[in-house]
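Per full-length UniProt numbering: the sequence shown = residues 1 to 97. Using N, Cα and C, we set each Cβ at its ideal position, and we do this for glycine too.
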Amino acid sequence: MTNTLDRSIQTLRSEPPAPGYDHIDQAVWRGIAEVRRAREAAPVLNAVRAAAVVGGLALGVAGGGVTAVAVASEPQEISAFSVASKLAPSTLLDHQR
1 MTNTLDRSIQ
11 TLRSEPPAPG
21 YDHIDQAVWR
31 GIAEVRRARE
41 AAPVLNAVRA
51 AAVVGGLALG
61 VAGGGVTAVA
71 VASEPQEISA
81 FSVASKLAPS
91 TLLDHQR
(Lines of atoms letter the chains of each structure in order from A; the text may use other names.)
(Lines give C-alpha, C1' and ligand atoms only; values in the text may rest on other atoms or scores of the structure.)
Protein backbone atom coordinates (compact mmCIF):
# COMPACT_ATOMS: atom_id res chain seq x y z
CA MET A 1 0.00 0.00 0.00
CA THR A 2 1.43 3.34 -1.04
CA ASN A 3 0.70 6.64 0.63
CA THR A 4 -0.50 8.90 -2.17
CA LEU A 5 -1.28 11.78 0.18
CA ASP A 6 2.38 12.21 1.08
CA ARG A 7 3.33 12.12 -2.59
CA SER A 8 0.66 14.69 -3.43
CA ILE A 9 1.89 17.03 -0.70
CA GLN A 10 5.48 16.68 -1.91
CA THR A 11 4.35 17.47 -5.47
CA LEU A 12 2.45 20.54 -4.33
CA ARG A 13 5.45 21.79 -2.33
CA SER A 14 7.66 21.68 -5.39
CA GLU A 15 5.23 23.73 -7.49
CA PRO A 16 5.36 27.54 -7.38
CA PRO A 17 2.47 29.25 -5.56
CA ALA A 18 -0.50 30.43 -7.56
CA PRO A 19 -0.12 33.94 -9.00
CA GLY A 20 -3.10 35.26 -7.05
CA TYR A 21 -1.51 34.54 -3.68
CA ASP A 22 1.05 37.31 -4.12
CA HIS A 23 -1.68 39.92 -4.44
CA ILE A 24 -3.86 38.90 -1.50
CA ASP A 25 -2.12 41.27 0.94
CA GLN A 26 -2.49 44.19 -1.44
CA ALA A 27 -6.20 43.46 -1.97
CA VAL A 28 -6.79 43.24 1.78
CA TRP A 29 -5.05 46.56 2.41
CA ARG A 30 -7.02 48.15 -0.45
CA GLY A 31 -10.25 46.91 1.13
CA ILE A 32 -9.25 48.32 4.51
CA ALA A 33 -8.47 51.69 2.92
CA GLU A 34 -11.88 51.74 1.20
CA VAL A 35 -13.64 51.01 4.49
CA ARG A 36 -11.70 53.80 6.21
CA ARG A 37 -12.63 56.25 3.45
CA ALA A 38 -16.27 55.25 3.73
CA ARG A 39 -16.20 55.79 7.48
CA GLU A 40 -14.69 59.24 7.01
CA ALA A 41 -17.54 60.19 4.66
CA ALA A 42 -20.23 58.81 7.02
CA PRO A 43 -20.62 61.98 9.17
CA VAL A 44 -21.28 64.05 6.05
CA LEU A 45 -23.88 61.53 4.86
CA ASN A 46 -25.50 61.47 8.30
CA ALA A 47 -25.85 65.24 8.20
CA VAL A 48 -27.46 65.05 4.76
CA ARG A 49 -29.84 62.32 5.93
CA ALA A 50 -30.81 64.32 9.01
CA ALA A 51 -31.45 67.41 6.88
CA ALA A 52 -33.66 65.36 4.53
CA VAL A 53 -35.67 63.99 7.47
CA VAL A 54 -36.12 67.46 9.00
CA GLY A 55 -37.13 68.89 5.62
CA GLY A 56 -39.65 66.09 5.08
CA LEU A 57 -41.13 66.59 8.54
CA ALA A 58 -41.41 70.34 8.01
CA LEU A 59 -43.09 69.85 4.64
CA GLY A 60 -45.50 67.30 6.13
CA VAL A 61 -46.42 69.53 9.07
CA ALA A 62 -46.92 72.55 6.81
CA GLY A 63 -49.01 70.61 4.28
CA GLY A 64 -51.02 68.90 7.01
CA GLY A 65 -51.65 72.20 8.77
CA VAL A 66 -52.94 73.86 5.61
CA THR A 67 -55.21 70.89 4.91
CA ALA A 68 -56.47 70.81 8.49
CA VAL A 69 -57.38 74.51 8.38
CA ALA A 70 -59.20 74.05 5.06
CA VAL A 71 -61.15 71.03 6.33
CA ALA A 72 -61.98 72.68 9.66
CA SER A 73 -63.71 75.58 7.94
CA GLU A 74 -66.01 73.28 5.91
CA PRO A 75 -69.23 71.94 7.42
CA GLN A 76 -68.77 68.38 8.57
CA GLU A 77 -70.76 65.71 6.75
CA ILE A 78 -70.81 63.13 9.51
CA SER A 79 -72.73 64.23 12.59
CA ALA A 80 -74.74 62.07 14.96
CA PHE A 81 -77.62 64.54 15.24
CA SER A 82 -77.68 66.00 11.71
CA VAL A 83 -81.04 66.12 9.97
CA ALA A 84 -79.69 66.39 6.39
CA SER A 85 -76.88 63.86 6.12
CA LYS A 86 -76.04 62.44 2.69
CA LEU A 87 -75.19 59.04 4.11
CA ALA A 88 -78.18 58.63 6.43
CA PRO A 89 -80.38 55.60 5.61
CA SER A 90 -83.47 57.79 5.25
CA THR A 91 -81.66 59.97 2.68
CA LEU A 92 -80.26 56.98 0.79
CA LEU A 93 -83.69 55.30 0.59
CA ASP A 94 -85.52 58.48 -0.37
CA HIS A 95 -84.86 59.15 -4.06
CA GLN A 96 -86.54 62.55 -4.05
CA ARG A 97 -83.47 64.44 -2.87
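- Judged by DSSP in its simplified three-state form, residue 92 adopts helix.
- According to the DSSP assignment, residue 25 belongs to the alpha helix (DSSP H) that extends over 24 to 73.
- In this structure, the CA atom of residue 5 is about 14 Å from the CA atom of residue 14.
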